[in-house]
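J.: Please see the structure below; I have some questions.
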Amino acid sequence: MICLLKPPSVEYLGYVVSSEGLKMDSSKVWQILNWPQPRTIKALQSFIGFANFYRRFIKNYSKKITSLPSLLKKDSPFIFNEDALSPFQIFKEAYTTTPILTHFNPSLPTIVETDSSD
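Going by the UniProt record's numbering, the sequence shown opens with residue 1, and the numbers climb by one from there.
This is the structure:
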C-alpha cells in the first residue's frame, strides 16, 4: 500500500483538483472528443447529459448548446444532418481548450449578483 502526503493533484469524480484549481480529467476530454455522432435521440441525450456535467468549463455554454436540444423535440423527427453536425463538432472541440478554474481568492474583489421576481 502506498501513502502519498500532499500529492500535487487528486482525481475526484471526473475532475482533477490541484493547487492551481479545478480542471477536467483528461480521460473525460478524450471521451468527449471521440464521442460518435449521435444516431438516435437517446444517444444525443447521453451526449448532452455528459457535456452538461462539465458545463462550467465552457464559456457561454447555454448559447453553444441551444441547437442540439432542439433536435429532441417530441413532435419532430430526429434528423442529425449537417446543420446539427457542425454545432456538435464545435461543441466537442470547445472541451479541448477548457480553462483551469481557480480556487476562490478572498483577497480579490467579489461580486454577488442575484435575480429575483415578485
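Beta carbons are placed, not taken as given, at the ideal position from N, Cα and C, and that holds for glycine.
Using a Cβ distance threshold of 8 Å, determine whether the stretch 76 to 83 contacts the stretch 11 to 30, with at least three qualifying pairs required.
T.: no
J.: Strictly by DSSP, which residues pair up with K23?
T.: V16
J.: For the stretch 2 to 10 and the stretch 60 to 78, state whether three or more C-beta atom pairs, one from each stretch, are separated by less than 8 Å.
T.: no
J.: With a cut-off of 9 Å, does the C-beta of S70 fall near any C-beta of chain D?
T.: Of the protein chains in this structure there is only one, and it is not chain D.
J.: What are the partner residues of E11, as DSSP defines its beta bridges?
T.: V16
J.: Which residue marks the beginning of the alpha helix (DSSP H) containing Y61, and which one marks its end?
T.: Y61 to I65
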